[in-house]
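Read through the structure below, which is laid out as structure tokens, and then see the notes.
Residue numbers (the working numbering): 1 to 74.
Right under this line is the structure:
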């Protein structure tokens with residue numbers, strides 16, 4: 001139990017960093033998809049349903065979002 005608080009603090013900090021990084025994107029849909037996936041840990045099916053898009057479109061949007069994120073981080 002001793003290490004658990006440190007692990008929780010680390011995970012909370014990591015989640016905060018992920019959120020800040022995602023927020024650098026301009027495209028709202030890309031931001032939402034990445035938040036759903038990497039902050040809320042939703043399944044691809046759940047993301048597609050929440051966003052009202054097909055599963056295939058969700059995968060494509062994910063790829064575009066990752067490319068945009070890579071460009072922002074450079």
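For glycine and all other residues, C-beta sits at the position ideal for the given N, C-alpha and C.
Note that this is a predicted model, so its numbers are computed, not measured.
- Taking 9 Å as the cut-off, the Cβ atoms of residue 44 and residue 37 count as close.
- For residue 34, the secondary structure class from DSSP, reduced to helix, strand or coil, is helix.
- With respect to the C-alpha of residue 30, the residue from 63, 13 and 6 having the closest C-alpha is 63.
- Of the residues 70, 59 and 65, the one whose Cα lies closest to the Cα of residue 28 is 65.
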